[in-house]
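For reference, the structure discussed in these notes is given below.
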Amino acid sequence: MGRILAIDYGRKRCGIAVTDPLKIIANGLQTVATHQLMDFLKDYISREEVELIVMGQPTQLNGEPSESMRYITPFLNRLKKEIPDVPVQMVDERFTSTIAHQAMIDGGMKKSDRRDKARVDTIAASIILNDYLQSLQYNSKL
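With the sequence shown counted from 1, adding 323 to any position gets you this note's numbering.
What follows is the structure, encoded as structure tokens:
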């Protein structure tokens, strides 16, 4: 039984989150420099069974792909080529950074800690993964 891994892709760094093996809980794993992301994924997948990669898909308010997709699409193509055994699913990531900041405030995190963009990226990846897990539960009830 494999984990689900989520990526909040950014031009400088990417937040990573994973589920437990039972796919019940999403946990922030770490933040990785974007240029090191492929090596990180290969290493992680060699040590842990990952059955799906969920990647945040940045969209505009009108539902159209955002400008950021021009950076994500080449990485997605490379990911599918270099790790072909793990499927990739895109998930709407609108407002995840805003929700991550609010979660930090609600959790009582100090203002100086909330400025840590790497922490925000990891929390955003956790939100993307939680949203995906909730959508699975909702769809199974239909």
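Even for Gly, the Cβ is constructed at its ideal location relative to N, Cα and C. In this text the structure is predicted, and so the values were computed from the model without any measurement.
- Bounds of any alpha helix (DSSP H) do not take in Glu387, whose DSSP letter is neither H nor E.
- Gln460 is not bridged by DSSP to any residue.
- The C-beta distance from Glu372 to Gly325 rounds to 4 Å, short enough to fall under 8 Å.
- Following the DSSP letters along the chain, one finds Leu352 inside the beta strand (DSSP E) bounded by residues 349-356.
- For Arg336, DSSP records a beta bridge to Ala356.
- Counting C-beta pairs closer than 8 Å gives fewer than three between the stretch 349-361 and the stretch 374-385, which falls short of the contact rule.
- Per DSSP, reduced to three states, the secondary structure at Glu374 is strand.
- With a 10 Å radius around the Cβ and a threshold of 16 neighbouring Cβ atoms, Asp331 comes out buried.
- For Leu364, the secondary structure class from DSSP, reduced to helix, strand or coil, is helix.
- With respect to Ile368, Gln353 sits apart: the two C-beta atoms are not nearer than 7 Å.
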